[in-house]
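Asks: Take this structure first; my questions come after.
Chains as they are written, first to last, in my numbering: chain F, 6 to 72; chain P, 16 to 509.
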């Protein structure tokens, strides 16, 4: 994969996450996950996990090591 | 031994450790500006991460966020925590890394110095210092006010708000003025560990004392089911409406890179690996930091119902007082102090370094940089205390103004390192226009159209930067090359 394509895919993933940030999960009448986790909190932690994966991608492959 | 005496001993032990660390840093700090203000650019991964993380753990998180979650529930986590996990590493890569490269090549110590060199215009450093100063002082006020509230509650009124605020400023002043950047970074490692350790411990102990995590959360859900939903406003207004949600995300994701104390910490990095690792550890640390903060606020709704307005800023110390023993109450206070001092020290030191290097006449600043820096720290501490005792607004509101103001600097920080045609007049137009529009928007003089003032301030800053640059003569190529050349070569080489 060329560097340009990889950068393009990375920024596409960033935009997708930004769009996902605008949404959330309504609890309604549903029970809490594992008895204590609100559904919206679970959604955000999933979002953060995806963001962390992007950060690893960025620091590992896109961010040069030059000093 | 009485509970207040136990709490006092814990706090004194904490202060003693911090001052010993400060003294050790003082012994290993030389009298050069680079060593005093940047710790000799030797920050490795752990020190840099804790320094960066430490500047993120503030009363805004420990006091302001539980206070906000008390009224608005779980949506506060989505509003604040998630987006920074992506925004901060991205801004470190796009702005922080180039700034670090340029600062190292040019040997500059402060952000104002870097951009003054970028435009070969010393007066631009004064302008940047002014903007940084205007938005850092209210941020420092939130930190000191947070301590005042916490000490007032946890000492059950024995140590008043004003005295606590003065005390924290004096201690921070002592170790910061002595040991400089090394002291702030070394103490940040200790302070970050105290803060995180206590936050996790309190999370489990308080929930246990309130009947266990599951039972407690279900009680909150039964009593206040609205706290589990994103608040809806029929008018389309309020912080959780889509426009405000998106613009706050913009503010909180972009503001951190524009904190002057954060940029200086980046300058202090030993190598690129330390910068990258700080970004990698950040997401996990933010979950550990923010989940307890938001849930503390929700739990307080069943433990202390009926609080109105900014009274909810005190819910965290109230929970600690009700559900933990005196030793842990002392540790809680130490945790809050740690949160405050780890930010306050960096803010004070950075403003001081900018004053001596970028504002005072060069001959004076070069002859006595450290002594003048220390004098300025005293004045700054006195000003902060005076504002704090006048209690201008809630922690969250003050932080909102401060964060929004920093965002207006982002176009200048970015374009100054990445766009050769960017001129000093473009940068000036960006700062002036961005801040005028921001102020007008906060004052309600221009319609928000569903967006927060920060969004309008940022748009104005971008327009000012581009139009101002295109309508002014370009900067001399040799001046631009000195800053952008190394940055472009580093980025291309990857």
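Don't be surprised by glycine CBs; every beta carbon is placed ideally from N, CA and C.
From a predicted model like this one, the values you see are computed outputs, not experimental measurements.
Leaving out five residues before and five after residue 100 (chain P) in sequence, what residues of the same chain have Cβ atoms less than 7 Å from its Cβ?
Replies: Contacts found: 297, 298 and 301.
Asks: Within 7 Å of any Cβ in chain F, is that where the Cβ of residue 474 (chain P) sits?
Replies: no
Asks: DSSP state of residue 249 (chain P), grouped into three classes?
Replies: For residue 249 (chain P), the predicted model reports a pLDDT of 48, less than 50, meaning its position is unreliable; a value from the coordinates is still stated below. Under the three-state reduction of DSSP, residue 249 (chain P) is assigned to coil, being neither helix nor strand.
Asks: So, helix, strand or coil for residue 355 (chain P), using DSSP?
Replies: In the displayed model, residue 355 (chain P) falls within a helix according to three-state DSSP.
Asks: Pull out every residue of the region 38-56 of chain F whose Cβ sits closer than 7 Å to any Cβ of chain P, in chain order.
Replies: 40, 41, 43, 45, 46, 49, 50, 52, 53 and 56
Asks: Are the region 261-276 of chain P and the region 338-349 of chain P touching, with three or more C-beta to C-beta distances below 8 Å?
Replies: no
Asks: Quick one: what does DSSP say residue 42 (chain F) is sitting in, helix, strand or coil?
Replies: strand
Asks: Would you report the Cα separation of residue 60 (chain P) and residue 500 (chain P), rounded to the nearest angstrom?
Replies: 27 Å
Asks: For residue 76 (chain P) versus residue 403 (chain P), is the C-beta distance shorter than 7 Å?
Replies: no
Asks: Give the range of the alpha helix (DSSP H) segment to which residue 35 (chain P) is assigned.
Replies: 18-42
Asks: Roughly how many angstroms lie between the CA atoms of residue 166 (chain P) and residue 221 (chain P), to the nearest whole one?
Replies: 19 Å
Asks: With a CB to CB cut of under 8 Å and the five nearest residues on each side skipped, what residues in its chain are close to residue 453 (chain P)?
Replies: 419, 420, 423, 468, 469, 471, 472 and 475
Asks: Look at the alpha carbon of residue 33 (chain P) and the alpha carbon of residue 146 (chain P), and state the distance between them as a whole number of angstroms.
Replies: 31 Å
Asks: Which runs of the beta strand (DSSP E), 3 residues or longer, sit entirely within the region 84-154 of chain P?
Replies: none
Asks: For residue 133 (chain P), which residues in the same chain have their Cβ closer than 7 Å to its Cβ, ignoring the five residues on either side in sequence?
Replies: The answer, listed in chain order, is 431 and 498.
Asks: Compare the beta carbon distance of residue 366 (chain P) and residue 151 (chain P) with 7 Å and say whether it is the shorter of the two.
Replies: Against a cut-off of 7 Å, the Cβ pair of residue 151 (chain P) and residue 366 (chain P) comes out as a contact.
Asks: Of the residues that make up the region 217-249 of chain P, which ones have a beta carbon closer than 8 Å to any beta carbon in chain F?
Replies: Result list: 228, 229, 231, 232, 233, 236, 240, 243, 244 and 245.
Asks: If the cut-off is 7 Å on Cβ atoms, which residues from the region 74-94 of chain P count as contacting chain F, listed in chain order?
Replies: 89, 90, 92 and 93
Asks: Can you give me the Cβ contacts of residue 176 (chain P) inside the same chain, cut-off strictly under 6 Å, excluding the 5 residues immediately before and after it?
Replies: 163 and 167
Asks: Quick check: the Cα distance between residue 18 (chain P) and residue 338 (chain P), rounded to an integer number of angstroms?
Replies: So the two alpha carbons sit approximately 13 Å from each other.
Asks: With distance defined between alpha-carbon atoms, name the residue in P:37, P:91, P:79 and P:455 nearest to residue 254 (chain P).
Replies: P:91
Asks: Are the C-beta atoms of residue 26 (chain F) and some chain C residue less than 7 Å apart?
Replies: Given the protein chain composition of this structure (F and P), no chain C is represented.
Asks: With 7 Å set as the bound, which would you pick, yes or no: does the beta-carbon of residue 505 (chain P) sit closer than that to a beta-carbon of chain F?
Replies: yes
Asks: Mind checking whether residue 74 (chain P) and residue 161 (chain P) have CB atoms under 7 Å apart?
Replies: yes
Asks: Using the C-alpha atoms, what's the distance from residue 233 (chain P) back to residue 317 (chain P)?
Replies: 11 Å
Asks: Could you check where the alpha helix (DSSP H) with residue 271 (chain P) kicks off and where it finishes?
Replies: Counting along the chain, residue 271 (chain P) falls outside any alpha helix (DSSP H), and DSSP gives it neither H nor E.
Asks: Decide if the region 93-108 of chain P is in contact with the region 56-65 of chain F; the criterion is three or more beta carbon pairs, one per stretch, under 8 Å apart.
Replies: yes
Asks: Compute the distance between the beta-carbons of residue 201 (chain P) and residue 58 (chain P), then report whether it is under 7 Å.
Replies: no
Asks: With distances taken Cα to Cα, identify the nearest neighbour of residue 8 (chain F) among F:71, F:72 and F:67.
Replies: F:67
Asks: What three-state label does DSSP hand residue 284 (chain P) in the structure shown?
Replies: When secondary structure is reduced to three states using DSSP, residue 284 (chain P) falls in the strand class.
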